[in-house]
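Mind the numbering: the sequence shown is residues 6 to 244 in this note's numbering, read in order. C-beta atoms are modelled at their ideal positions from N, C-alpha and C, and glycine is treated no differently.
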Amino acid sequence: MEAYYITDIGRKRSSNQDYMFISERPVGSLPNLFIVADGMGGYAAGDLASKMAVETIVEYIESHQSEDFETLIKDAISNANTVIRGKAASDPVLEGMGTTVVLCVINSDYIIVANVGDSRLYAINDDLRQITTDHSYVQEMVRMGRIRGDEASRHPDKNVITRAVGAEDGINVDIFKENIFPGEMFLLCTDGLTNMVEDDRILQILSENSELSEAGNMLVDQANEKGGRDNITVVLVRI
């Protein structure tokens with residue numbers, strides 16, 4: 006397994022509210038752990054929310070041994086939700102803070118993925134396949150048939166999310182379990198990439214650049230060339 010990560014402030018933001026954690030070695034009971042979070046809220050609140058979420062998830066996993074990886078991951082994210090809610094309640098400046106989370110663990114023959122919000126995980130083999138489902142207003146409209154899928158990326162409300170860690174007292178975490186294959190690659194990213202760069206172009210860049218560092222840097226460069234309207238975070242993991 007090899008991994009590469011990069012985060013960039015983009016061209017429009019004054020701070021980077023993305024946060025990540027990457028470990029190819031065991032974390033508690035888990036054989037490895039990759040997390041990407043995209044904070045929301047005021048200037049300080051978004052930064053703090055994403056950082057708190059990632060660090061709280063990692064601390065929980067390190068201190069709770071379990072072979073039931075799916076339940077462990079859900080409980081870790083739920084605990085992060087409670088911690089962020091408590092922090093926001095203690096300071097009016099932090100009211101409304103929250104964050105997306107996308108997380109994965111790669112075992113010998115399968116990957117477990119968790120997500121809340123619209124940060125994504127893709128599986129890349131001969132094609133680019135989004136494993137996560139966006140928790141967003143626009144995606145809800147697609148599911149209800151009110152707009153077409155190809156209209157979603159251009160919709161003015163595409164940044165409005167319907168779930169976030171820290172947004173409500175209870176939290177619903179999506180969990181996916183997929184088989185993996187030798188040579189397969191996984192991309193975890195924030196919407197600073199996917200709102201700027203089309204899936205076909207992402208696949209082209211990943212297919213044409215065998216070095217993960219080259220591919221990751223080019224994805225960030227492409228997002229910035231397209232306008233860089235948000236922070237951009239990319240994590241690439243190859244089996």
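- Residue nearest to Ala93 within the set Leu53, Ser83, Glu216, Asp123 is Leu53 (criterion: CA-CA distance).
- Taking C-beta atoms as the reference points, Ile82 and Val240 fail to come closer than 9 Å.
- Within the same chain, Leu133 come within 6 Å of Leu208 by CB-CB distance, once the 5 residues on both sides are set aside.
- Straight through space, the alpha carbons of Glu173 and Ser71 are spaced by roughly 27 Å.
- In this structure, Arg168 sits near Val121, with a CB-CB distance shorter than 9 Å.
- The straight-line gap separating the alpha-carbon atoms of Thr137 and Val32 is approximately 23 Å.
- Around the C-beta of Thr76, fewer than 16 other C-beta atoms lie within 10 Å, and the residue is accordingly described as exposed.
- Shown here for Arg18: same chain residues with a beta carbon closer than 7 Å to its own, the five before and five after excluded, namely Asp235, Asn236 in chain order.
- Taking a C-beta distance under 9 Å as the contact criterion, Asp13 and Thr238 qualify as a contact pair.
- Note that the C-beta distance between Asn86 and Ile176 is below 9 Å.
- One thing to note: Asp123 has its Cβ within 9 Å of the Cβ of Asp196.
- About 7 Å separates the beta carbons of Ile129 and Glu189, which is inside the 8 Å limit, making them a contact pair.
- Closest in alpha carbon position to Asp73, among Asp96, Ala220, Lys182, Met45, is Lys182.
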